[in-house]
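Novice: Structure provided below as structure tokens; questions to follow.
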Amino acid sequence: MTSHLLNPLEFPLHGSRLIEASAGTGKTWTIAALYVRLVLGHGGDDSRFARPLLPADILVMTFTRAATRELSNRVRERLIEAAAYFRNEFRHGSGGSDPFLDALLESYPDESERQKAAHRLMLAAETMDEAAIFTIDAWCQRMLREHAFDSGSLFDEELVSDEQALFEDAAHDYWRQQVYPLAPQALDVLLDCWPDVEALKKGTRELSRRADIMGMAEEEPLSALIAREQRALAAQLATLKAGWVERVDRMAAWINDHRAANPKCFNGVKMKPENLAKWFDGLRRWAQDPLLLLPAITAKAWERLTPFGIEDAFAKSFTAQVPECFEHTEALGLALAAITPLAHKLHLHAAAAIARRMDQLKRQSRQFGFADMLQRLHDALAGENGAALRQRIVDQYPLAMVDEFQDTAPAQYQIFNLLYRIAENDPAQGLFLIGDPKQSIYGFRGADIQSYLAARRATNGRHYQLGTNYRSTAPLVAAVNQLFLHAERAEVPAGAFRYRKNGENPLPFEAVDAKGRSERLVNAGGPLPALLAACASDEGLRGDSYREYFAQHCAEHVVAMLGDAQAGFDGPDGFVRLQPADIAILVRDRKEAAAIRRALARRRVASVYLS
Numbered sequence: 003m004t005s006h007l008l009n010p011l012e013f014p015l016h017g018s019r020l021i022e023a024s025a026g027t028g029k030t031w032t033i034a035a036l037y038v039r040l041v042l043g044h045g046g047d048d049s050r051f052a053r054p055l056l057p058a059d060i061l062v063m064t065f066t067r068a069a070t071r072e073l074s075n076r077v078r079e080r081l082i083e084a085a086a087y088f089r090n091e092f093r094h095g096s097g098g099s100d101p102f103l104d105a106l107l108e109s110y111p112d113e114s115e116r117q118k119a120a121h122r123l124m125l126a127a128e129t130m131d132e133a134a135i136f137t138i139d140a141w142c143q144r145m146l147r148e149h150a151f152d153s154g155s156l157f158d159e160e161l162v163s164d165e166q167a168l169f170e171d172a173a174h175d176y177w178r179q180q181v182y183p184l185a186p187q188a189l190d191v192l193l194d195c196w197p198d199v200e201a202l203k204k205g206t207r208e209l210s211r212r213a214d215i216m217g218m219a220e221e222e223p224l225s226a227l228i229a230r231e232q233r234a235l236a237a238q239l240a241t242l243k244a245g246w247v248e249r250v251d252r253m254a255a256w257i258n259d260h261r262a263a264n265p266k267c268f269n270g271v272k273m274k275p276e277n278l279a280k281w282f283d284g285l286r287r288w289a290q291d292p293l294l295l296l297p298a299i300t301a302k303a304w305e306r307l308t309p310f311g312i313e314d315a316f317a318k319s320f321t322a323q324v325p326e327c328f329e330h331t332e333a334l335g336l337a338l339a340a341i342t343p344l345a346h347k348l349h350l351h352a353a354a355a356i357a358r359r360m361d362q363l364k365r366q367s368r369q370f371g372f373a374d375m376l377q378r379l380h381d382a383l384a385g386e387n388g389a390a391l392r393q394r395i396v397d398q399y400p401l402a403m404v405d406e407f408q409d410t411a412p413a414q415y416q417i418f419n420l421l422y423r424i425a426e427n428d429p430a431q432g433l434f435l436i437g438d439p440k441q442s443i444y445g446f447r448g449a450d451i452q453s454y455l456a457a458r459r460a461t462n463g464r465h466y467q468l469g470t471n472y473r474s475t476a477p478l479v480a481a482v483n484q485l486f487l488h489a490e491r492a493e494v495p496a497g498a499f500r501y502r503k504n505g506e507n508p509l510p511f512e513a514v515d516a517k518g519r520s521e522r523l524v525n526a527g528g529p530l531p532a533l534l535a536a537c538a539s540d541e542g543l544r545g546d547s548y549r550e551y552f553a554q555h556c557a558e559h560v561v562a563m564l565g566d567a568q569a570g571f572d573g574p575d576g577f578v579r580l581q582p583a584d585i586a587i588l589v590r591d592r593k594e595a596a597a598i599r600r601a602l603a604r605r606r607v608a609s610v611y612l613s
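The numbering used here numbers the first residue of the sequence shown as 3 and each following residue consecutively.
Put into structure tokens, the structure is as follows:
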């Protein structure tokens, strides 16, 4: 699965291809360059598209509205720049040249062909208002509207961008219809899961948004679900609980007998009498309650009340044969862990019912949400009229580029696959998937790295890489390469990295080169290293104290840098001293941000928090 370095002048403009574009490697520039070639119909027999395309023919999808605007502007500027270049009216920069456009121009040696190319480029620039550059959601909405008959969509439905009000109504309906009628015993079970409707909403909000949630739970009354699950749970637990009251008594008696004969036979810290009393009491209560799923004991108890745990707690000078009653603890823990708690079934039932009610409310008011659009388009493409709909869309957009592909949700990927049949690599159409798996950070919005892995498998042999970083210094790029290349070492255990199995890594790290920057960060000691690692030497640091320790450490380092008159950027234009605005501190959450801001404020350094 080795990637080819992408040459924008020779990249094949057809079939399905995956492009890995790490941060700073010129992804937007590359998209614009490929766009210019598609408009011109540029390339040899093995690399050009079947015909020259116009902006309305080239589908470009990205993640946010801001990204679509930026990409549209960049493509328009590049088309205008290329048209002027072909007319010999412009050279990139002040008296310089553009190597890409120079090479492109050389492939059109005839002056009349250059003028035709310039005309085509300018026509494309002037029609960029018709360009098919969308967010994925906006494009799905457009397809459902433009192909209403083929997709089975209604013309007069309203898109609801925020479904929170619908969720609130559906959740309260569920509480009134399903919870109010419960008998006292079933109600107690329900209230153990959610004490009130607010807890229900908090526990099911995200789950109810899943596209497949309605199929994950049957439509049945909540009372019937609780009664059925309690009967099944009671039967499972009855078998597990049998004999455990007597077994616990034998455990306690054996330990007490040995303590009475030899008070120092056990390690006093590992076998504290008060802990043992709580553990045995928790196990007895569990064994005597037919519906109690888990005993109220600690994780340490499950470890300690086993033959190995007992032997580990022996004093150094003491040995004894651990009786059979301790041999069942580990098996019991594993058996209980394998039982699906009733709370899980309750969450699925409620989330599925709420999702169904939301769907019903939307249909009644002729509304739909973003997730509905994806599902409707997917179902239409997979349905009985799917072949006709697919052909219409592919004829409309024979070539598509998906930017930020690593943030694609499974439903979105399935739509692309239904349309362009990625594994078939059809030369009559094109699908370029552009992204960086290292930047896959939108799991909370449904993004799934499994979609990226599926695309890598489907495009095996057609992987490309933007191999040069233009944004960062060469030492920084080298440091990042070195850090991530550890994952590729043969001696590193496969289990240390999630996707490596049987000697294969379906998501390898692709190192990049660096064009480098002219300036260097220096201080009184000379150039600073690109990467430093710090760790706390005090193993006792936990939670707030750990966060506070590193916040103070970070703030002190920042202040030291700002206070050093020789700290700054040394480049061709001379030395520029380091300023507060040059420094960015990346944090994991708001608590870390607040801790660092407090630490900086104590040192009279102002900062701004950007989420």
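Using N, Cα and C, we set each Cβ at its ideal position, and we do this for glycine too.
#1: What does DSSP give as the partner residue(s) for N471 in the beta ladder?
#2: Suppose you measure from the CA of P14 to the CA of D48; what does that come to, to the nearest Å?
#3: Going along the chain, which residues of its own chain have a beta-carbon closer than 6 angstroms to the beta-carbon of L533, five neighbours each way excluded?
#4: Ordered along the chain, which non-local residues of its own chain (more than five positions away) have a Cβ less than 8 angstroms from that of A513?
#5: Does R447 come out as helix, strand or coil in the three-state DSSP assignment?
#6: Ignoring anything shorter than 4 residues, give me the alpha helix (DSSP H) runs that lie fully in the segment 405 to 449, in order along the chain.
#7: Rounded to whole angstroms, what's the CA-CA distance from A236 to P292? Just pull it up for me.
#8: Determine the DSSP secondary structure at S19, reduced to helix, strand or coil.
#9: Around the Cβ of H16, are there at least 16 other Cβ atoms within 10 angstroms (buried) or fewer (exposed)?
#10: Roughly how many angstroms separate the alpha carbons of Q554 and L296, rounded to a whole number?
#11: Could you give the DSSP three-state label for Y548: helix, strand or coil?
#12: At the level of alpha carbons, what is the spacing between P57 and L401?
#13: Please name the residue or residues paired with L401 in a DSSP beta bridge.
#14: Can you name, in chain order, every residue of its own chain whose Cβ lies under 7 angstroms from the Cβ of L307, other than the five neighbours on each side?
#15: Going by beta carbon distance, what residues of the same chain come within less than 6 angstroms of G437, once the five residues before and after it are set aside?
#16: With V77 as the anchor, note down where its alpha helix (DSSP H) starts and where it stops.
#17: Jot down the residue ranges of each uninterrupted beta strand (DSSP E) in the segment 566 to 596, minimum 3 residues, whole runs only, in chain order.
#18: Report yes if the C-beta distance between A219 and L350 is below 8 angstroms; otherwise report no.
#19: So the candidates are D283, W288 and P412; which of them puts its Cα closest to the Cα of L338?
#20: List the whole-angstrom C-beta distance separating A2 from A460, where the pair is believed to meet the contact cut-off of C-beta under 8 angstroms.
#21: I'd like to check one pair, H6 with Y466: are the Cβ atoms closer than 8 angstroms?
#22: From the DSSP output, read off the bridge partner residues of E490.
#23: Are there 16 or more other CB atoms within 10 angstroms of the CB of R233, so buried, or fewer, so exposed?
#24: Let's see if you can read the secondary structure: which residues bound the alpha helix (DSSP H) around L103?
#25: In chain order, what residues of the same chain have a beta carbon less than 6 angstroms from the beta carbon of L36, not counting five sequence neighbours either side?
#26: Where Q366 and A357 are concerned, what is the direct C-alpha to C-alpha distance, given to the nearest angstrom?
#27: Which one or two residues does DSSP pair with G528 in a beta bridge?
#28: Out of L468, K243 and R605, which one is the CA nearest neighbour of P10?
#29: Taking contact to mean at least 3 C-beta pairs separated by less than 8 angstroms, is the segment 258 to 268 in contact with the segment 372 to 392?
#30: Report, in whole angstroms, the separation of the C-beta atoms of S474 and A516, which I expect to be a contact under 8 angstroms.
#31: From this set, P574, Y472 and F511, which residue's C-alpha is nearest E490's C-alpha?
#32: Is it buried or exposed, L335, if we count other Cβ atoms within 10 angstroms and call 16 or more buried?
#33: Just to confirm my understanding: we take G634, look at its own chain, exclude 5 residues before and 5 after, and list those with CB closer than 6 angstroms. What are they?
#34: Cα separation between E594 and A586?
#35: Taking the runs of the alpha helix (DSSP H) that are 4 residues or longer, which of them lie wholly in the segment 267 to 327?
#36: DSSP on H149, reduced to helix/strand/coil?
Specialist: Looking at the coordinates:
#1: Counting from one through the sequence shown, the residue named residue 471 turns up at place 469. The partner list for N471 (beta bridge, DSSP) reads A516.
#2: Mapped onto the sequence shown, residue 14 falls at position 12. Mapped onto the sequence shown, residue 48 falls at position 46. Their backbone Cα atoms lie some 7 angstroms apart in a straight line.
#3: Here residue 533 is taken as the residue at index 531 of the sequence shown, counted from 1. The answer, listed in chain order, is A481.
#4: For the purposes of this step, residue 513 is taken as residue 511 along the sequence shown, with counting starting at 1. Excluding positions up to five away in sequence, the list reads N483, F486 and L487.
#5: Sequence index remark: in the sequence shown, residue 447 carries index 445 (1-based). The pLDDT assigned to R447 is 49, lower than 50, so where the model puts this residue is not dependable, and the model offers no usable value.
#6: Counting whole runs of 4 or more residues, the segment 405 to 449 contains the alpha helix (DSSP H) stretches 412 to 422.
#7: Position 234 of the sequence shown, counting from 1, holds the residue named residue 236. Position 290 of the sequence shown, counting from 1, holds the residue named residue 292. In this structure, the CA atom of A236 is about 6 angstroms from the CA atom of P292.
#8: Position 17 of the sequence shown, counting from 1, holds the residue named residue 19. According to the sequence provided, residue 19 is Arg. The question's Ser does not apply to it. The answer is strand: DSSP assigns R19 an E or B state.
#9: Here residue 16 refers to the residue found at position 14 of the sequence shown. Residue environment for H16: buried (at least 16 other C-beta atoms within 10 angstroms of its C-beta).
#10: Taking the sequence shown and counting its residues from 1, the one referred to as residue 554 is at position 552. Taking the sequence shown and counting its residues from 1, the one referred to as residue 296 is at position 294. When rounded, the separation of the alpha-carbon atoms in Q554 and L296 is 42 angstroms.
#11: Start at 1 with the first residue of the sequence shown, and residue 548 comes out as number 546. DSSP places Y548 in helix when its eight states are reduced to three.
#12: As a first step, residue 57 is located in the sequence shown; it is residue number 55 there, counting from the start. As a first step, residue 401 is located in the sequence shown; it is residue number 399 there, counting from the start. Here the alpha carbons of L401 and P57 stand approximately 10 angstroms from one another.
#13: To locate residue 401, count along the sequence shown from 1; it is residue 399. Bridge partners of L401: I60 and G432.
#14: Looking up residue 307 in the sequence shown gives position 305. M253, W281, F328 and T331.
#15: Against the sequence shown, residue 437 aligns to sequence position 435. Result list for G437: E406, F407 and Q408, in chain order.
#16: The residue you call residue 77 lines up with position 75 of the sequence shown. Unbroken alpha helix (DSSP H) run through V77: R67 to F88.
#17: If we require 3 residues or more, the beta strand (DSSP E) runs fully inside the segment 566 to 596 come out as 570 to 573 and 576 to 579.
#18: Position 217 of the sequence shown, counted from the first residue, corresponds to residue 219. Position 348 of the sequence shown, counted from the first residue, corresponds to residue 350. A contact, by the Cβ cut-off of 8 angstroms.
#19: Here the question's residue 338 lines up with position 336 in the sequence shown. L338 has its Cα closest to that of W288, out of D283, W288 and P412.
#20: Look at the range of the chain in this structure, 3 to 613, and you will see that residue 2 is not part of it.
#21: Sequence index remark: in the sequence shown, residue 466 carries index 464 (1-based). Sequence index remark: in the sequence shown, residue 6 carries index 4 (1-based). For Y466 and H6, yes; Cβs fall inside 8 angstroms.
#22: Along the sequence shown, read from residue 1 onward, the residue named residue 490 stands at position 488. E490 pairs with nothing; no bridge assigned.
#23: If you number the sequence shown from 1, residue 233 lands on position 231. It counts as exposed.
#24: Counted from its first residue, the sequence shown places residue 103 at position 101. Where L103 is concerned, the enclosing alpha helix (DSSP H) stretches over P101 to E108.
#25: What you label residue 36 is simply residue 34 of the sequence shown in a count that begins at 1. Cβ within range, chain order: n/a, list empty.
#26: As a position in the sequence shown, residue 366 is number 364, starting the count at 1. As a position in the sequence shown, residue 357 is number 355, starting the count at 1. Between the alpha carbons of Q366 and A357 lies a gap of roughly 14 angstroms.
#27: Counting from one through the sequence shown, the residue named residue 528 turns up at place 526. According to DSSP, G528 shares a beta bridge with N525.
#28: The sequence position of residue 10 within the sequence shown is 8, counting from 1. Nearest in C-alpha terms to P10, of all of L468, K243 and R605, is L468.
#29: Pairwise C-beta distances place the segment 258 to 268 out of contact with the segment 372 to 392, as fewer than three of them are shorter than 8 angstroms.
#30: Position 472 of the sequence shown, counting from 1, holds the residue named residue 474. Position 514 of the sequence shown, counting from 1, holds the residue named residue 516. Indeed, because the Cβ distance is near 6 angstroms, the residues count as touching under 8 angstroms.
#31: Residue numbering aside, residue 490 sits at position 488 when the sequence shown is read from its first letter. A check of alpha carbon separations from E490 across P574, Y472 and F511 identifies F511 as the nearest.
#32: What you label residue 335 is simply residue 333 of the sequence shown in a count that begins at 1. Looking at the sequence shown, residue 335 is not Leu but Gly. The residue is buried, with at least 16 neighbouring Cβ atoms inside 10 Å.
#33: Residue 634 lies beyond the stretch modelled for the chain, which goes from 3 to 613, so this question has no answer here.
#34: To locate residue 594, count along the sequence shown from 1; it is residue 592. To locate residue 586, count along the sequence shown from 1; it is residue 584. Our two residues, E594 and A586, have alpha carbons roughly 14 angstroms apart in a direct line.
#35: The DSSP assignment places 275 to 290, 301 to 306 and 309 to 314 as complete runs of the alpha helix (DSSP H) inside the segment 267 to 327, in order along the chain (cut-off: 4 residues).
#36: Reading the sequence shown from its first residue, position 147 is the one you call residue 149. Collapsing the DSSP output to three states places H149 in coil.
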